[in-house]
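Counting from 1 along the first sequence, just add 436 to a position and that's the residue number in the working numbering. Backbone N, C-alpha and C define an ideal beta-carbon position, used for all residues, glycine too. These numbers come from a predicted model, not from an experiment. Okay, so here's the structure we're looking at.
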Amino acid sequence: MDKSEIAEVLNEVATLLELKGENRFRCLAYSNAARTIESMSEDPTAVAKEGRLGEIRGIGERLDEQITELVTTGGMKFHEELKSSFPDGLFDMLKIPGMGAKKVKAIYDKLNISTLGELEYACHENRLVDLPGFGTKSQAKILAGIEHLKKYRARFLLSDALGESLGIIEALEGFKGVKRCSLAGSIRRRVETVKDVDIVAATEDGGPVMDLFTKLPGVAEVVAKGDTKSSVTLEAGINVDLRTVSDREYPYALHHFTGSKDHNTSMRGRAKKMGLKMNEYGLFRGEEIIPCSNEEAIFKALKLDFIPPELRESQGEIEAAEKGELPDLVEESDIKGVIHAHSNYSDGSTTIKDLARACAKMGYGYLGLCDHSRSARYAGGLDVSSVKKQQDEVDKLNDTLNGFRILKGIESDILSDGSLDYDDATLASFDFVIASVHSKFNMSEKDMTERIIKALANKYVSILGHPTGRLLLAREAYPVDMKAVIEAAAEYGVVIELNASPHRLDIDWRECRYAKSLGVKISINPDVHHLENISDIAYGVGTARKGWLTASDIVNTLPARGFLEALARR
DNA sequence: GCCGTTTTCGGCCCGACTGTTTTCAGTCG
């Protein structure tokens, strides 16, 4: 059992105890333990088996027992009993912004409401306003929160959808009746959130393939099953559609089901102008099919350069492909440095040394360490003395890492007045500074834009971190005029981050081309908190590709020295 | 539930914001 799974159970216990109305410090003990486990450098399962958990500060006799039970048996009785004493719907309510355990408890206890639907109805009936601690505003806020949840309930993060679908692709590829298969749809175009997973497979006999598909592990429900089209719902809640076609039809079907709809419309229009007809079964001149063994051939037949799936969003890609002006898109292998990593100095789970080792092992040449700054207290932000201590440690480490380099960075909070939270001398001690907004999200668009632009004008700022602050499917971006921010970045020579966390993917790909047109450079940063986040770079690269970016638009495709020189150009 | 000790209880916990209050509770990062 890995760290985050253990932490999840402990956090759930904390929430459940709060729902029960337990002493808040008892609840806190569990959420503290969750954080402690998550930031352990050793494997907690191994530590538990060696009986050393109790030595860790914050884990006493009882938690030692319970965590050991969890990692040895895969479950925790205490957790299960607590969980079964509340209806599942309460957990949905906790997803409403502004609703914590106390408020959910009040609603459950006083109004006997246990599902989102009941809660929505009660809000419409104006029944929350009389509840102590609630009023008209909180009722309206809850209603808006439910609306938001409903709107996004049917969508999934790209990373989750990919994670769920890779096993299916593997199973299909391994099946002897399948000649070739691929993800299609928005997931193949690397859109940041997706509604479902589309798969196209080439086979001469769909029946057995569909038998396999509908019985794969993880399938919760078969929505529809035929010889050429089946649809299932996975236990994770996501829908997966499989289309089977003959191998001859496969390239056309793959293109058709990859979309987007608008891209396809334009492509069909182009075919028509050339006296051809295009659909999911082929490209035809009259009755005669124009043979294409892959997608490249289809584009070629339409006198176009190959358009990578990420670009098929009807953003001028067909015109560019016609003129041979498509960009040579950045690839994952172009990325040379891992920028924006949190160590266990702040809220990361890993030591600097282990971070550097992992990056080096994955073939990267440098690590841009960026812990939180001092005003981010919730995340263990570094005070000035910790900064000094960390920088000394980095200097020592750098002497030992042949060729690999750790850069001294920081993720400095942009305070509400646009200033940073260190003095100039401290800021000057870093190799580079990422400036990010982490507080006061509810400013007006005008104030927020001014706040960020003021930070960009600070000569120590090298990179603007996650420029909109959005958390996909969870929190809207704060209001900000991105056009003005990009223009300011161009004026001051500041690089903009493309935060590669699959929860953020921020800057949005739709804004990348404007940045590029003004010469603003982008840094694809995985915002590492745990070692496994390093590979999130792939999602950032997908988003950058959607934004038409090439390796030369991205500063961390350069070696360490070039990267720092590019940042210094302001 | 954990911890430390003034050693078996009492304190633990950061600050801003919001919406509810009229001095504060709950939520969040």
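In this structure, the beta-carbon distance from K531 to L455 does not fall below 7 Å.
Scanning the stretch 758-787 for uninterrupted beta strand (DSSP E) segments of 3 residues or longer gives 773-777, listed from N- to C-terminal end. By the neighbour-count criterion, in which 16 or more other beta carbons inside 10 Å mark a residue as buried, D807 falls on the buried side. Secondary structure of R810 (DSSP, three-state): coil. By the criterion of a C-beta distance shorter than 6 Å, N969 is surrounded in its chain by P962, once the five residues flanking it on both sides are discounted. If you keep only unbroken alpha helix (DSSP H) runs of at least 4 residues inside the stretch 478-504, you get 480-485. Judged by their CB atoms, Y781 and Q827 are not nearer to each other than the 7 Å cut-off. Per DSSP, K615 is one residue of the beta strand (DSSP E) stretching across 614-620. Shown here, M529 sits in a helix according to DSSP, grouped into three states.
Within the model, the alpha-carbon separation for E767 versus I973 is close to 10 Å. Taking 7 Å as the cut-off, the beta carbon of G799 is found no closer than this to the beta carbon of P995. DSSP places D677 in the uninterrupted beta strand (DSSP E) bounded by 675-681. With fewer than 16 other Cβ atoms from the protein chains shown falling within 10 Å of its own Cβ, K709 counts as exposed. Under a 10 Å Cβ-count criterion, Y914 is classified as buried, with 16 or more other Cβ atoms of the shown protein chains found around its own Cβ. For S959, the three-state secondary structure derived from DSSP is strand. Looking only at L547, I442, L555, the smallest Cα-Cα distance to T509 is reached by I442. Put simply, the backbone Cα of L506 is about 29 Å away from that of L602.
Residue burial annotation: A482 is exposed, with fewer than 16 other C-beta atoms found within 10 angstroms of its C-beta. Considering only H966, N992, C795, the residue with the shortest C-alpha distance to G976 is N992. DSSP, read as helix, strand or coil, puts K736 in helix. Per the Cβ contact rule, the stretch 698-705 is in contact with the stretch 750-757 (3 or more Cβ pairs under 8 Å). In the DSSP assignment, M710 falls outside any beta strand (DSSP E), carrying neither H nor E. In the structure shown, A792 falls within a helical segment according to DSSP collapsed to helix, strand and coil. The alpha-carbon of G695 is positioned some 7 Å away from that of R748.
Per DSSP, N468 is one residue of the alpha helix (DSSP H) stretching across 460-474. Taking every protein chain shown into account, the CB of F461 has fewer than 16 other CB atoms within 10 angstroms, so this residue is exposed.
Bounds of the alpha helix (DSSP H) holding A925 are 918-928.
Apart from sequence neighbours up to five positions away, the residues of its chain that approach V655 with a beta-carbon distance below 7 Å are V668, L670, ordered along the chain. Ranked by how close their Cα comes to the Cα of A469, the residues K697, S682, K439, N459 have K439 in first place. By the neighbour-count definition (other C-beta atoms within 10 Å, threshold 16), T572 is an exposed residue. For the pair R626 and L594, the Cα-to-Cα distance works out to about 7 Å. Secondary structure of G718 (DSSP, three-state): strand.
Under the 10 Å beta carbon count, S959 is surrounded by 16 or more other beta carbons and is classified as buried. Bridge pairing for V668: V658, V676 [DSSP]. Bounds of the alpha helix (DSSP H) holding R946 are 945-953. As the crow flies, the alpha-carbon of A597 is around 7 Å from that of V633.
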